[in-house]
Every structure is written in C-alpha cells, then in structure tokens.
Amino acid sequence: MKISYHGHSIVKIETKGKTILIDPFITGNQLTDLKAEDEKPDVILLTHGHNDHVGDTMDIAKREDILVVAPNELAVYLGFQGLNTHGMNIGGAKEFDFGTVKYTQAFHSSSYTTEDNEIIYTGMPAGLLLTIEDKVIYHAGDTSLFSDMKLYGEEGIDVAFLPIGDNFTMGPRDAAKAVELLQPKLTVPVHYNTFPPIELDPEDFKSLVTNHEVKIMEPGESIEL
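Here is the structure:
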C-alpha cells in the first residue's frame, strides 16, 4: 500500500488497484503538487465541510462520477449538487471494496461557503479510521486534542495524520500529547503552513515527540505500508 501526502490535509492511498483521496483541497493550495484535472480517484473521503477540505471534490467527482463518502449532512448537500455520495456519521463504520471506513470524533466546526458567500451548515466534523490491508490509518481531520483519542489508539494505529497548525486546530504541544494518547507507529503532521495563521516549523512538533516516530513529509512524498 502506497500512502502519499500532498500538502495541507490531502492524503492519497493507493491499494488493491484502488485510489482513495482524502480532503482534496487542490485549487488555491499553494503547497500541493497535485492538479485537480489530473485526479481520477476511485473514491473521495471527506472529514468535514470547510472549503479547505472539500476543495475540488465537486469538480473531480462530477467529472469522473466518483463516490464521495462524507459526514451525513455534507453528503446530503453534495448530493443536492449532483454528486454520488454515501453519508456516514461519527462512530459508524462501513466496509467498502478497498477496506473499512469508520468516522471518529473531532472537535472543530463544519460548514461550506458557496461562491455566493452563503454559509451552509454541514453537520459534525469528523476524523477517519481506515482499515486497509490489515493496516490502520488515522486521519484526524481538523480537531483539538481530546482524551478519547486514547480509545482510538487501542485499534493499533500504523500511521496517524495529525493537524499541528494551531489557531484552527491543535498546535504542536497538543498534537504531541495526541501522539501519546494514540500511540501510532508513525505520525505525519498535516494542516500547517498553508495560510499565515497556521505558519510554523513542523520541527517544533517533532522535537516534542520523544518516544514515537515522526515523519515530516514534503508534498508528493510517499511511504509504503
């Protein structure tokens, strides 16, 4: 299984001949190496409705008739826009042809801003706990630190993607505490340096994590599980 990071919170997983794209914020993302017109995933997974996570979902999904899995209210809204969606909610899990998706708690907010500057409420934000090829991948979405992360750690997480940018999510210190709760084999920091409010040095986070492996990935860099 190949897992690639593409700036901000974009993660791509290639497994069993399937490509899974998480939070494809491409257009307007100065850090990404991707081009929206080139992306042809088999499924898009969304953590919440903010524009820097929904990103290019509508264009990619409509062009290729791709399934979009999202928190329920967001899935309903995207369905109204003509997308093929599957709605889920926190605590729910479903088996797909590439593996199992479980939505987890996240402490954040969730809304989508239209081109007419209308703010659409899109339900609860969430994280993703994926089980693929007997490996467990945790994408926390946008969240603060919360103690129930310890329960997710009991799933035996192989790699965790955690936001560290502060201001809108947990910062380096709280993210380091999250690592202690989650106990992943590998942690990759995400959601930083995209905008001025979340500019920081990811090495500050890495220096706070003393007993676990942290990999700072450049956009386009990949790992094998």
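Numbering (this note's numbering), first residue to last: 76 to 300. Cβ coordinates follow ideal geometry from the N, Cα and C atoms, glycine included. In this text the structure is predicted, and so the values were computed from the model without any measurement.
- When the beta-carbon positions are compared, F280 and I239 come within less than 8 Å of each other.
- When the Cα atoms are used, N104 and H83 turn out to be separated by approximately 8 Å.
- Exclusion of the five residues before and after N164 leaves P146, N147 and Y178 as the residues of its chain whose Cβ lies within less than 7 Å of its Cβ.
- Selection F270, I298, K91 and L226 evaluated against V254 yields L226 as nearest (Cα-Cα).
- Between the stretch 127-140 and the stretch 96-116 there are three or more inter-stretch CB-CB distances shorter than 8 Å, so the stretches are counted as touching.
- In the DSSP annotation of this structure, the continuous segment of the alpha helix (DSSP H) that includes A250 starts and ends at P247 to L257.
- Across the structure, A235 and S184 are spaced so that their CA atoms are roughly 21 Å apart.
- Taking 8 Å as the cut-off, the beta carbon of T122 is found closer than this to the beta carbon of P200.
- Close CB contacts of T189 within its chain, under the 8 Å cut and outside five residues either way in sequence, are with I195 (chain order).
- For L203, the closest C-alpha among the options T175, A111, H287 and D249 is that of T175.
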